[in-house]
Amino acid sequence: MQTKTTSATTKKKIRVLVVDDSALMRKMVSEILNQQPDIEVIETAKDGEDALQKAQRHRPDVITLDVEMPRMSGLEFLSALMPSQPTPVVMLSSLTTKGAEITFRCLQKGAVDFVGKPSQSSVCLSIKDVSNEIAHKVRMASVAKMPYISAEEPPKTAQAEIKQEPRKSHQDPKMVVVIASSTGGPNALNGFLPYLPQSLDIAYLLVQHLPTGFSRLFANRLNSACSLEVREAEEGESLQSGVVLVAKGGKHLVLDAEGRTAYNSNPPLWGVCPAADMLMPTVAHYYQEKTVGVVLTGMGRDGSLGVKAIHAKGGYCMVQDEASCVVYGMPKSALDTGGVDKVYSITEMATGLIRLYEERVQGAVASTERTLQKAG
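Quick note on numbering: the sequence shown equals residues 79 to 454 in our numbering.
Here it is, written out as structure tokens:
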């Protein structure tokens, strides 16, 4: 007897709306996605106004969105869509400074992730280079939680208080914090780093999964929102308190045998480059129990090996909780290692780190002073 396949046993495909003012790009992105067994393009749109109508009519699972379009731009589209119909959006951004700037503004408006789009003149030659990335990020976006925390900037009162803190610089920081983040990371970091005062004797290293060419602008944007100094890491730097060094896109950042920053061209790890799991073990090896690992929202397992390495050296690890993550993959993988000490929502992360510093560093100093007083 022949067995019939029911709809209950058939996996539902990810339904995608493709939005781009270029007919060629709409065609090529649609072809890439329709070749995937688990994805189907249900409609295309030529600009933001067209997309808004079709999004409301078809209720797609994911939208791929051009950044720069006539009539209604990608940024204007997100502002109109997200309040009434939160939908996972993957931006297609040109690899230019202007395109990157608009992309980060779109992420603040609720877009989940982005892909660097080939230029119009070379699109046929280079679209294959990003085809796997487009499909991968559509899959990631399909499991993202919407709506989610979008901290465009800290409240002005908190920001003003932090800006009053004096800046300090130490060649030998009392604590080194290594942060790993991916999908949803730019917004999560806006809800974390600006709330950290520069007066703490802490140096920071940040691995945000970004393509080549985006990390410098990303660091500059964070720098404008923080009391901490945030900049792209260069080769051979010593870590300094109050400074956040951001890994360049397309290379793995590590610490060398002397504790200075170095880059290597090793293959991607977990499919990403830079990878926090390349950096975290080298920091733990050099700074031992002074190392703190922080794993924020993101798809995949990056950070899990680093958490184990930090834990083994007596360091401390914290992860973002599921409720405030866009995608819970990275924090969950880190938590599953057994090496995580604390779970925080993104709004609690800065307070948790400050409390840890007070307990581990200031508490140790106070204890030493009491011992010396007794001995005297």
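Virtual Cβ for every residue (Gly too), placed ideally from N, Cα, C. The model shown is predicted, which means the values in this text are computed figures rather than measured ones.
Asked, Found
"Neighbour-count burial assignment, K187, 16 or more Cβ in a 10 Å radius", "buried"
"Those residues which DSSP pairs with E367 across a bridge", "DSSP lists no partner for E367."
"Residues near L111 in its chain [Cβ-Cβ closer than 6 Å; skip 5 each side]", "V94, I117, V119"
"C-alpha distance - C184 paired with L130, whole-angstrom precision", "16 Å"
"Sub-9 Å separation of M396 and V373 beta-carbons", "yes"
"Residue burial classification, G320 (beta-carbon count within 10 angstroms, cutoff 16)", "buried"
"Span of the beta strand (DSSP E) around H330", "330 to 333"
"Nearest candidate by alpha-carbon position, reference M377, set V216, V361, A362, G194", "V216"
"Alpha-carbon spacing of S382 relative to A258, whole angstroms", "10 Å"
"Under the three-state DSSP convention, the category D144 falls into", "strand"
"Residues near Q113 by beta carbon distance below 7 Å, same chain, minus five either side", "none"
"One or two residues paired with S171 in a DSSP bridge", "G194"
"6 Å CB neighbourhood of S293 in its chain, flanking five on each side removed", "E310, V324, K326, G327"
"Exposure of Q440, with buried meaning 16 or more beta-carbon neighbours within 10 Å", "exposed"
"3 or more residues per run - each beta strand (DSSP E) lying fully within the stretch 243 to 277", "253 to 259"
"For A340 and Q285, believed in contact at Cβ under 8 Å, the rounded distance", "Here residue 285 turns out to be Val, not Gln, going by the sequence shown. V285 to A340, Cβ: 14 Å. No contact."
"Buried or exposed (CB count within 10 angstroms, at least 16 for buried), L274", "buried"
"Cβ-Cβ distance between D128 and S100 below 9 Å", "no"
"Sequence-distant residues of its chain with Cβ nearer than 8 Å to I227 (five each side left out)", "Reliability fails at I227, whose pLDDT of 41 lies under 50, so the model's placement of it is uncertain and no value is given."
"Close-in-space but distant-in-sequence residues of the same chain around L159 (CB under 7 Å, 5 per side omitted)", "L130, A133, T165"
"Three-way DSSP call (helix, strand, coil) for S343 in this model", "coil"
"Alpha-carbon spacing of K91 relative to S220, whole angstroms", "10 Å"
"Helix, strand or coil at R135 according to DSSP, with G and I counted as helix", "helix"
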